[in-house]
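Enquirer: Just passing along the structure, written as C-alpha cells.
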Amino acid sequence: MSFGYWFCLPTFDLRCSRVSCVWYHWVPGAVTLSPEQPPPMPSNWEQRRCFSAVPPPRTAPLLLSTPQPLPADPNSCLPSPPAGSRKTIQPEPASKEDIAQTLLRMNGSNETPESYDYDLIIIGGGSGGLAAAKEAARYGKKIMVLDFVTPTPLGNRWGLGGTCVNVGCIPKKLMHQAALLGQALQDSRKYGWQIEEEVKHNWERMTEAVQNYIGSLNWGYRVALRENKVTYENAYGEFVGPHKIKATNNKGKEKFYTAERFLIATGERPRYPGIPGDKEYCISSDDLFSLPYCPGKTLVVGASYVALECAGFLAGIGLDVTVMVRSILLRGFDQDMANKIGDHMEGHGIKFIRQFVPIKIEQIEEGMPGRLRVVAQSTDGKETIEGEYNTVLLAIGRDSCTRKIGLEVVGVKINEKTGKIPVNDEEQTNVPYIYAIGDILEDKLELTPVAIQAGRLLARRLYAGSNVKCDYDNVPTTVFTPMEYGSCGLSEEKAIEKFGEENIEVYHSYFWPLEWTIPSRDNNKCYAKVICHVKDNERVVGFHVLGPNAGEVTQGFAAALKCGLTKEQLDSTIGIHPVCAEVFTTLSVTKRSGGSILQAGC
Amino acid sequence: MESASQPALQPGMEPASEPASSRFEEVRVSGFGDFCGAVEQRRDKTIFVYFTGDKDAEGRSWCPDCEEAEPVVLEGRKHIPEDAVFIYCQVGDRPYWKDPNNDFKKKLKLTAVPTLLKYGTPQKLVESECLNASLVEMLFSED
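If you read the protein sequences in the order shown, they are chains F and B.
The numbering used here applies: residue 319 is where the first sequence begins, and numbers increase by one.
The numbering used here applies: residue 379 is where the second sequence begins, and numbers increase by one.
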C-alpha cells in the first residue's frame, strides 16, 4: 500500500568511520512502505542536495522535492514521528550504518565514504575560495585549499588571496586614493595650506607601501587558514578522475588527493588580444600594481572599469595617459553614467582614441620603462595610426581559468565560448559533488563580496543545515574612476527593457559637493539618479550616483533597495546636511519633464 | 636604553643539539641599539627576531605571555633554515615597554610582546599566535 507521508532521510558526516551525527529531515513523498528495509527513493524525487552525504550516482541524480522549509537549527536531530500519524508514518528505522550502506549500494558507488582524504577541496584561494574554507572549517570539516598563480607573461606572481587582494580591488583602491590625495593637495592651497613648491609623486614609494600591505594580507590569510586547521597548498589543482585531483607545485612535484566534494573558485586572468608584441611588451593589471618602475606615458587599451580606473589613477598621479577604446565605455553599465564618466576623464586631461584597436606593438627602446610603438587600426578598417608610449596596459577583458583544470575528465560542463561555468541557484555544477563560485560563474556578477557571500552560504548549506541561497539581486557596485560611480539595481536601459519606458520615471539632479566650492571644482558634474517603477508604488529599481565617496553613499541605499524602497519613502527621509547624499532625499525633476537640473550652488 | 649584559643560558633556553656549522646563527641582544647593530651586520641574510620582555636574575620575564610562548618558539627553531639568523631580543623592563614612545614601538612598529617576526617582511606572529606551534613552524619555514 502506498500513501503520502513525510520521508525521513538521514544525512551524516562521512569523514568518520562510524556514522556520528545523523540529521533527519522531512521531505514529502509517496512511496510503498516496507517494514523490513528503508524505503527506496523513487527516481522522480529531488535529492536534497545540501544534505547529500552520498557519492553521486552514476545515472542522473536522484531528486527529492523540498517545498517545505526545514527547521532553523542546523544541528538538531529531529525525532522520528509518532507512529500512527497519517502524515508521518515511518517504519522502524534501520541502524545508521545500514542506512548508509544501503544508500551507497543504491547509488552504485564503489568508494566507501571513509576513504576520501578531505570533506572538501577548494581549487582557488581567492575571495570566494577562502571565504568558503573559513566558513566550512567552523563546522569541523576537513578542508584543503589549493592556490597557485601561474606567472604573467612578464614573470610576475603573488601570494595567497586571489585577484582582489593582490592585483584587483585592494591595490586599485589604494592607488586611486593616492591620486585623490594629489587632487586634495592641490585643493588644500585654497583652504589655506601653504604648499610652496610643486608637489611630485614617487611611484616606487607608493608601490612599496601598497605591496607591503598586500604582503600582510597574504600572511594574514595563511595564518587564518592554519589557525582554522585548513590545509593549504601552493599548488596547481586539476581533476584527474572522479573525486580526485592532482596538485602540482612550482617545482613540478605532483601529489594526489581525494575529496567528497569540490569547490572550483579559480577566477580569471587578463585577456591578451593576440597581436604581435602583446605578451612581450605589454603589461596588464596583473603587472601594474607591482611594477618596479613608474610606467610613464601610458596607453591603456580597453573600456572596462579596469581600464578606466587604471587610466584614472595613473593620470591622477601626474602621468600622460591615453585610453584606446574599440566601441562603448563600460559595457553592461548604465550608458548615461558611463558617458558622464568618460566626459569627466576627458575634461581632466585623459586622452581618448575612440573606435580603434591596436594591431601591433613594437619595442623602440628597452628600459624601465622602455619606449614602445603602437600601431592601431580604426574599427572600420580605413585608418591606421601610430603612437609612442612608455607603457601599454592591456585591459580588454578577463578569461575564466576553467579550461586547463581537467573539468572534461569529470564531466563538468562549461560554456565553451566564454569558459564560464553554469550553476544552479545553489552554485552546483552539472556534477552534483562539484560546486563553483566567483568570477567563473556564468551570468553572475564578478565581484568579491558576491563570491564571499556565495562561498559562505554554500558552506553553511553543505555543513550547517542552512537552506539560505545567495541573493544576486540588487547587488551594489562602485567604479573607482576619478569621478566615482556607485550604483545598485537596474540601469536605465535594463529598466526600460524590463518594465517599458512608459512605466518608469527617472528622477535626477546634478549636485555640487560643498567641499568643491572653495577650490572651484567641477560644478554640475556630480550627478544623482533614481529609476522608479511607476506601476509598483514608484518602487526604486535603480540607484545611480556620480561623485566623491560614491561607494560609501551607495552602500546604505543598497540596503534600502533590498527593503523595497519607494520614491515616497525616499522623499520622506530627511537629508543630512551638508553632504552629497542628501540630494537623494530631494529629487523632484524627472527626465521625462526635460526640466533643468543645473545647480547654482548650495 | 642601556643594554644589559648578555645573559648566560637561562633555564628553559636549551642550546641546539646540531653541530654549529650546519645550524642557523643565533644572536642574543638587549635593547634597541643592540638589536639594530645585530641586524645591520647581517643585512643580506634572512633574519628572524623574537621580542620578549626582559628577564630577571632568575630567568623569568615580567611578561607572562612571553614566558608561555618562549618554549614553543625555541622548540620551533628546528625549522629555521641553516643560512638564516635567529635574534633573541629582550626589549626592556615593563615601564620601558609601556611607554608608547619607546623605540621598538615607534621605529619598528611593534605592538606587543611576545612578537616573532621575519625581519623586513610583513610576516609576524603576535602574542597568542606565538603559542601556536604550527604557526611558528609556518613562519620559520622557507616560503
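Virtual Cβ for every residue (Gly too), placed ideally from N, Cα, C.
Kindly indicate which three-state DSSP category Ser-534/F falls into: helix, strand or coil?
Expert: Ser-534/F falls in the helix class under three-state DSSP.
Enquirer: Buried or exposed: Asp-596/F, going by 16 or more other Cβ atoms within 10 Å of its Cβ?
Expert: With 16 or more Cβ atoms within 10 Å of its Cβ, Asp-596/F is classed as buried.
Enquirer: Go ahead and label Phe-574/F buried or exposed: buried means 16 or more other beta carbons lie within 10 angstroms of its beta carbon, across all protein chains shown.
Expert: Classification of Phe-574/F: exposed, given that the 10 Å Cβ count is below 16.
Enquirer: State buried or exposed for Phe-836/F, treating a residue as buried only when at least 16 other CB atoms are found within 10 Å of its CB.
Expert: For the record, residue 836/F in the displayed sequence is Ile; it is not Phe. Its Cβ having fewer than 16 others within 10 Å, Ile-836/F is exposed.
Enquirer: In chain B, what lies closer than 8 Å to Ser-608/F by C-beta?
Expert: Correct list: empty, because the minimum Cβ distance to chain B is about 14 Å.
Enquirer: Can the beta-carbon of Leu-690/F be found less than 8 Å from the beta-carbon of Tyr-707/F?
Expert: Yes.
Enquirer: Which same chain residues end up closer than 7 Å to Ser-519/B when comparing Cβ atoms and leaving out the 5 residues on each side of it in sequence?
Expert: Hits under 7 Å: His-457.
Enquirer: From the DSSP output, in three-state form, read off Met-462/F for me.
Expert: DSSP places Met-462/F in strand when its eight states are reduced to three.
Enquirer: Would DSSP call Glu-515/B helix, strand or coil?
Expert: Helix at Glu-515/B.
Enquirer: Between Phe-464/B, Ala-435/B and Thr-424/B, which has its C-alpha nearest Asp-471/B's C-alpha?
Expert: When only C-alpha atoms are compared, the closest one is Ala-435/B.
Enquirer: With three or more beta-carbon pairs closer than 8 Å as the criterion, would you say the segment 588-602 of chain F touches the segment 751-766 of chain F?
Expert: In short, these stretches do not touch, since the Cβ pair count stays below three.
Enquirer: Could you pull out every residue in the same chain whose Cβ sits closer than 8 Å to the Cβ of Asn-474/F, ignoring the five residues on either side in sequence?
Expert: Asp-604, Asp-605 and Ser-608.
Enquirer: Where do the ends of the beta strand (DSSP E) carrying Asp-437/F lie?
Expert: It spans 436-441 - the beta strand (DSSP E) in which Asp-437/F sits, taken as one unbroken run.
Enquirer: Would you mind giving the Cβ-Cβ distance between Asp-652/F and Glu-815/F, rounded to the nearest angstrom? I have them listed as a contact below 8 Å.
Expert: Not a contact, Cβ separation roughly 12 Å.
Enquirer: Under three-state DSSP, which class holds Ser-433/F?
Expert: The answer is helix: DSSP assigns Ser-433/F an H, G or I state.
Enquirer: Could you pull the start and end residues of the beta strand (DSSP E) that Met-655/F belongs to?
Expert: It is not in any beta strand (DSSP E) - Met-655/F instead sits in the alpha helix (DSSP H) that spans 653-665.
Enquirer: Thinking just about the alpha-carbon of each residue, which of Tyr-531/F, Lys-562/F, Leu-499/F and Asn-530/F is nearest to the one in Ile-440/F?
Expert: Checking every option, the nearest Cα to that of Ile-440/F belongs to Lys-562/F.
Enquirer: Counting C-beta neighbours from all protein chains within 10 Å, is the total for Thr-709/F 16 or more, i.e. buried, or is it exposed?
Expert: Buried, because 16 or more other Cβ atoms sit within 10 Å of the Cβ of Thr-709/F.
Enquirer: What's the C-alpha gap between Leu-581/F and Ala-694/F?
Expert: Near 42 Å, if we compare the C-alpha coordinates of Ala-694/F and Leu-581/F.
Enquirer: Strictly under 8 Å for the Cβ-Cβ distance: is Thr-499/B near chain F by that measure?
Expert: Judged by the 8 Å Cβ criterion, Thr-499/B is in contact with chain F.
Enquirer: With distance defined between alpha-carbon atoms, name the residue in Phe-429/B, Gly-437/B and Val-407/B nearest to Gln-419/B.
Expert: Residue Val-407/B is the option with its Cα nearest to Gln-419/B.
Enquirer: What does DSSP give as the partner residues of Pro-676/F in its beta bridges?
Expert: DSSP output for Pro-676/F lists Ala-694/F as bridge partner(s).
Enquirer: Would you call Asp-465/F buried or exposed, if buried means 16 or more other Cβ atoms sit within 10 Å of its Cβ?
Expert: Per the 10 Å Cβ criterion, buried.
Enquirer: Between Lys-909/F, Ile-894/F and Phe-829/F, which lies nearest to Gly-865/F when the distance is taken from Cα to Cα?
Expert: If we check each option's Cα against that of Gly-865/F, Phe-829/F comes out closest.
Enquirer: Using a C-beta to C-beta distance shorter than 9 Å, which residues of chain F count as neighbours of Ser-512/B?
Expert: Within 9 Å Cβ-Cβ: Arg-544, Glu-545 and Lys-547.
Enquirer: Any heavy atom of the ligand GDP closer than 7 Å to the beta-carbon of Ile-671/F?
Expert: Looking for the ligand GDP in the displayed structure turns up nothing, as the structure carries no ligands at all.
Enquirer: Can you give me, in chain order, the residues of the segment 481-507 of chain B that have a beta carbon less than 8 Å from any beta carbon in chain C?
Expert: Within the model displayed, chain C is absent; protein chains F and B are what it includes.
Enquirer: Provide the residue span of the beta strand (DSSP E) that contains Ile-770/F, from first to last.
Expert: No beta strand (DSSP E) contains Ile-770/F, which is instead part of the alpha helix (DSSP H) from 766-781.
Enquirer: List the residues that DSSP assigns as beta-bridge partners of Thr-908/F.
Expert: Partner(s): Tyr-825/F.
Enquirer: Rounded to a whole number of angstroms, what is the C-alpha to C-alpha distance between Ala-462/B and Val-548/F?
Expert: Going from the Cα of Ala-462/B to the Cα of Val-548/F covers about 28 Å.
Enquirer: Please report the straight-line C-alpha distance between Leu-905/F and Ser-512/B, rounded to a whole angstrom.
Expert: Answer to the nearest angstrom: the Cα atoms are 58 Å apart.
Enquirer: Across the segment 771-783 of chain F and the segment 612-624 of chain F, are there enough close Cβ pairs to call them in contact, namely three or more that are closer than 8 Å?
Expert: Cβ pair count under 8 Å is below three, so no.
Enquirer: Let's see if you can read the secondary structure: which residues bound the alpha helix (DSSP H) around Thr-640/F?
Expert: Thr-640/F -> not in any alpha helix (DSSP H); beta strand (DSSP E) instead, spanning 639-643.
Enquirer: Grab the span of the beta strand (DSSP E) containing Gly-555/F for me, first residue to last.
Expert: Start and end: 554-559.
Enquirer: So, with DSSP's three-state summary, where would you put Arg-689/F?
Expert: In the structure shown, Arg-689/F sits in a strand (DSSP, three-state: E or B).
Enquirer: Do Ala-713/F and Ala-625/F have their C-beta atoms within less than 8 Å of each other?
Expert: In contact: Ala-713/F and Ala-625/F (Cβ atoms closer than 8 Å).
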